[in-house]
Amino acid sequence: MDYLKGLNEPQREAVQHIDGPLMIIAGAGSGKTRVLTYRTAYLIEKGVDPFQILLLTFTNKAAGEMRQRIENAVGNDGKNLWMGTFHSVFAKILRFDGKHLGYTSDFSIYDTDDSKSLIRAIVKERGLDDKVYKANVIYNRISGAKNRLIGPDEYLNNSVIAADDTAAKLPEMGKLYKLYTLRCFQANAMDFDDLLYNTNILFRDHPAVLDKYQRKFKYIMVDEFQDTNISQYLIVKKLSELSKNLCVVGDDAQSIYAFRGASIDNILNLEKDYPNMATIKLEQNYRSTKNIVEAANSIIAKNKNQLKKKVFTENEVGSLIELIKASSDNEEGRLIATHLFESKMAHGLRNTDFAILYRTNAQSRAFEESLRKLNIKYRIIGGLSFYQRREVKDLLAYFRFVVNQKDEEAFKRIINLPKRGIGDTTIAKIAVTASENQISVWEVVSNIKQFQAGRFADTIEGFADLIKSFKIMVEVNKKDAYEVAAHIAKASGLLRELHEDKTVEGLSRYENVQELLNSIKQFVDDNEVEEEDKSLSSFLQTVSLLTTADSDDPDGDNDRVTLMTIHGAKGLEFNHVYVVGMEEDLFPSQMMLQSRADLEEERRLFYVAITRAEKKLMMSYAESRYQYGRLKPCEPSRFLDEIDPQYLQFAKNIRRPEEKPAPQGFVRMTNREQKAPDFGTSNKPTSTASLIAKPAARPVVGNTYIPSQDFVPSDTKNLVEGDRVEHLKFGFGKVKKIDINGTDRKAVIQFEGTIGEKTLLLSFAKLRIL
DNA sequence: CCGCTCCGCAACGAT
DNA sequence: TGCGGAGCGG
Numbered sequence: 001m002d003y004l005k006g007l008n009e010p011q012r013e014a015v016q017h018i019d020g021p022l023m024i025i026a027g028a029g030s031g032k033t034r035v036l037t038y039r040t041a042y043l044i045e046k047g048v049d050p051f052q053i054l055l056l057t058f059t060n061k062a063a064g065e066m067r068q069r070i071e072n073a074v075g076n077d078g079k080n081l082w083m084g085t086f087h088s089v090f091a092k093i094l095r096f097d098g099k100h101l102g103y104t105s106d107f108s109i110y111d112t113d114d115s116k117s118l119i120r121a122i123v124k125e126r127g128l129d130d131k132v133y134k135a136n137v138i139y140n141r142i143s144g145a146k147n148r149l150i151g152p153d154e155y156l157n158n159s160v161i162a163a164d165d166t167a168a169k170l171p172e173m174g175k176l177y178k179l180y181t182l183r184c185f186q187a188n189a190m191d192f193d194d195l196l197y198n199t200n201i202l203f204r205d206h207p208a209v210l211d212k213y214q215r216k217f218k219y220i221m222v223d224e225f226q227d228t229n230i231s232q233y234l235i236v237k238k239l240s241e242l243s244k245n246l247c248v249v250g251d252d253a254q255s256i257y258a259f260r261g262a263s264i265d266n267i268l269n270l271e272k273d274y275p276n277m278a279t280i281k282l283e284q285n286y287r288s289t290k291n292i293v294e295a296a297n298s299i300i301a302k303n304k305n306q307l308k309k310k311v312f313t314e315n316e317v318g319s320l321i322e323l324i325k326a327s328s329d330n331e332e333g334r335l336i337a338t339h340l341f342e343s344k345m346a347h348g349l350r351n352t353d354f355a356i357l358y359r360t361n362a363q364s365r366a367f368e369e370s371l372r373k374l375n376i377k378y379r380i381i382g383g384l385s386f387y388q389r390r391e392v393k394d395l396l397a398y399f400r401f402v403v404n405q406k407d408e409e410a411f412k413r414i415i416n417l418p419k420r421g422i423g424d425t426t427i428a429k430i431a432v433t434a435s436e437n438q439i440s441v442w443e444v445v446s447n448i449k450q451f452q453a454g455r456f457a458d459t460i461e462g463f464a465d466l467i468k469s470f471k472i473m474v475e476v477n478k479k480d481a482y483e484v485a486a487h488i489a490k491a492s493g494l495l496r497e498l499h500e501d502k503t504v505e506g507l508s509r510y511e512n513v514q515e516l517l518n519s520i521k522q523f524v525d526d527n528e529v530e531e532e533d534k535s536l537s538s539f540l541q542t543v544s545l546l547t548t549a550d551s552d553d554p555d556g557d558n559d560r561v562t563l564m565t566i567h568g569a570k571g572l573e574f575n576h577v578y579v580v581g582m583e584e585d586l587f588p589s590q591m592m593l594q595s596r597a598d599l600e601e602e603r604r605l606f607y608v609a610i611t612r613a614e615k616k617l618m619m620s621y622a623e624s625r626y627q628y629g630r631l632k633p634c635e636p637s638r639f640l641d642e643i644d645p646q647y648l649q650f651a652k653n654i655r656r657p658e659e660k661p662a663p664q665g666f667v668r669m670t671n672r673e674q675k676a677p678d679f680g681t682s683n684k685p686t687s688t689a690s691l692i693a694k695p696a697a698r699p700v701v702g703n704t705y706i707p708s709q710d711f712v713p714s715d716t717k718n719l720v721e722g723d724r725v726e727h728l729k730f731g732f733g734k735v736k737k738i739d740i741n742g743t744d745r746k747a748v749i750q751f752e753g754t755i756g757e758k759t760l761l762l763s764f765a766k767l768r769i770l
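Take the first sequence: its letters are residues 1 to 770, numbered as in UniProt numbering.
Okay, here's the thing in structure tokens:
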């Protein structure tokens, strides 16, 4: 147990506290993963059977990495641990015991696309307007209900919900929910939320099953506990009811998934449910410099909902955080890429030492282009994952249908793929025949000649025979996943179709399918132990819950700059980090600022972003950016205005670059006077308080604040007193006074009519000069 | 039924 | 801009 020596006091305590409920509050960079790894190793060394340990993580990637580290510590015993994401672990349980709820072990997992497609179909069948009943909205409402454990019947009978739906002009919501659930069930399919919801139902209604797992899992650990929702919490609670050996690790300051039901309340619930729970705080940060840790602390210091803890570090003070200002997103990209290149050369770093973090995936474009121009290799995490590409999903749909013929969404995908002349009309006929005879679609298709002698009977029979031959391979000949998959790819004609497509996309599609087959081969080779584990069905189980976890390039060329969203960056660390697009409406996101709680979440997100950096942190923003191919002006730097100057003064660790000749077209942020721009805040704060005290709603104090979308793009740099201007919202006016302070330009404008005089901040074009 | 064109609309996050 | 869905002619 040498490793215990390398731990600090609270860490060691956390590792050795193995009996009874335990909550570990772990600040960013405090060695959380280490503690979990060692704690698991410690358990095993203390004689706990790895089969009795359940370790729940937040992402597949985290699970994989942690398993590796545990295996390094304890050897092959680590293989026998139950560990994975909530979804994957409970999917496994439902494979075993879903039969109690009427599912077979081959049930399909519907991804979001499948779910939405099913919803669209139902909405259409019911003759509802799909402009009103948008699949997205319906899906989110259903998802929300399931995550709160509200089933369709309860939903229908709940008057509060009904009133809410009526108010949202969606009175049919409840019925849709019910129908959707029914159709999923008939398809022997579960969506992501069902995996949790059904596990709850399973444990609620089948005590014997619950008892089995309660006895099995003597020790349960939950990582990223702050991101669990009620549904997940209840499962964990039930499972640990017997043993009481529940250990959760989390950091309320990094709770950034409230939008999908995660709730800090779970921590409070936990304290209530386990009154004798021990709490250990890990407060020493080993990752970042003092400057970074302090800056991060200051961001969340005044959040209302938080557990008290003080993250500190004994690392060096480090260099200041650097602010970079650009005039457009392209320029932002150029600046960051250049900056990155220069620091790489200056400090002898590798590409992997850098990360560029943004708020939304759509922002990646400018950085990709700039990095490419400088020949800097990069990789993008997130975005369209490999398993979401069309051609990959098509082939997977074949697999799904071969394994589970009730899978309606898979059926719809493949029945006419490759083109075999079976269109909507024919599919509709099949569906009608199926429901008239009260049988499944597959039963109609596989016996098509009994029902129809139409023009397409032969084609359909051919399709059915194809599927049947695949089924025989799987069920009778017990071929492994790779053999079946390769055969299906060929025999279905999918591969040939893609091969014949000589366009660039066609080529990459073909490669993707090959890649998929490769990964299946690898899957088979990795699972040599049991025959069961090599089946197509078992491959599907693994794969339907994978998303962004695609592995790095197989070429071994892994020295790449990482581009990802801040959400995706959780749990990672990089030497140098760029947090980009820190401007109004983007970060904090406009949508998020609807409520106060959400503002707090944006701050936590900011906190997460900052604390990814070990040595150096850069923040940048642009005055305008392209959106939908159009240059869209935005009100820049409002977020920075919020944290600046108060935040800067506090943290004393942000450096605005010294004035030097600006590269073409680029305006460096100047050392402006430390005077708070007085728009937005009337009470001038001297500390970080104002960052927090500012209400989330659009503030109008003294001056009028105008949302950026109301501005006409024009160059206000040319604005002079006496100019006649037009403003989209206020109409015509005359510039009375211009106040230039650094790059901040304010204008007092006397508008015509009854509006009167307004003071407008002119950091970007907002007015048309007439 | 297929394929082409036009149109509308798009927003974050992860399993 | 760029995608997917709808609608229409062949």
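A virtual CB, placed ideally from N, CA and C, is assigned to each residue, including glycine. None of these values were measured; they are calculated from a predicted model.
The DSSP-derived three-state label of residue 295 is helix. With contacts defined by Cβ atoms closer than 7 Å, residue 286 and residue 31 form a contacting pair. In the DSSP assignment, residue 406 falls outside any alpha helix (DSSP H) and carries neither an H nor an E. Per DSSP, residue 218 lies in no alpha helix (DSSP H) segment and is marked neither H nor E.
In the structure shown, residue 573 adopts coil according to DSSP, grouped into three states.
In the structure shown, residue 314 falls within a coil segment according to DSSP collapsed to helix, strand and coil. When the Cα atoms are used, residue 155 and residue 461 turn out to be separated by approximately 42 Å.
Within the same chain, 401, 402 come within 7 Å of residue 467 by CB-CB distance, once the 5 residues on both sides are set aside. Here residue 581 really is in contact with residue 358; their C-beta atoms are around 5 Å apart, less than 8 Å.
One thing to note: residue 367 has its Cβ within 7 Å of the Cβ of residue 356. By alpha-carbon distance to residue 207, the top candidate from 296, 150, 303, 100 is 100. If you ignore the 5 residues before and after residue 213, its C-beta comes within less than 8 Å of the C-beta of 93, 203, 239, all in its own chain and listed in chain order.
If the five residues before and after residue 517 are omitted, its C-beta is found closer than 8 Å to the C-beta atoms of 482, 485, 486, 489, all from its own chain and listed in chain order. A distance below 7 Å separates the beta carbons of residue 57 and residue 223. Judged by DSSP in its simplified three-state form, residue 623 adopts coil rather than helix or strand.
With 16 or more other Cβ atoms from the protein chains shown falling within 10 Å of its own Cβ, residue 284 counts as buried. Around the beta-carbon of residue 604, 16 or more other beta-carbon atoms lie within 10 Å, marking it buried.
Burial state of residue 541 is buried, judged by a 10 Å Cβ sphere holding 16 or more other Cβ atoms. The Cβ neighbour count for residue 70, taken over all protein chains shown within 10 Å, is at least 16; the residue is labelled buried. For residue 172, there is no enclosing beta strand (DSSP E), as DSSP marks it with neither H nor E. Straight-line measurement puts the Cα of residue 579 at about 40 Å from the Cα of residue 524.
At the C-beta level, residue 277 and residue 21 come within 7 Å of one another. For residue 471, the enclosing alpha helix (DSSP H) begins and ends at 457-475.
The Cβ atoms of residue 391 and residue 560 do not sit closer than 7 Å to each other. In the assembly as shown, residue 610 is a buried residue. Its beta-carbon has 16 or more other beta-carbons within 10 Å.
Less than 7 Å separates the beta-carbon of residue 303 from that of residue 600. A direct Cα-to-Cα measurement between residue 577 and residue 608 gives close to 12 Å. A Cβ-Cβ distance of about 26 Å is found for the pair residue 130 and residue 544, leaving them out of contact under the 8 Å criterion. Here the region 166-184 makes contact with the region 133-141; the two share three or more CB pairs at distances below 8 Å. Across the structure, residue 433 and residue 463 are spaced so that their CA atoms are roughly 17 Å apart. The C-beta distance from residue 251 to residue 226 rounds to 6 Å, short enough to fall under 8 Å.
By the Cβ criterion, the region 40-56 is not in contact with the region 303-320, since fewer than three pairs of Cβ atoms, one from each stretch, lie closer than 8 Å. Residue range 354-358 is occupied by the beta strand (DSSP E) that includes residue 357. Between residue 361 and residue 382, the gap from beta carbon to beta carbon is short of 7 Å.
Nearest to residue 175 by alpha-carbon distance, out of 45, 133, 197, 377, is 133. Taking 3 residues as the shortest admissible run, the region 16-40 contains the following complete beta strand (DSSP E) segments, listed from N- to C-terminal end: 22-26.
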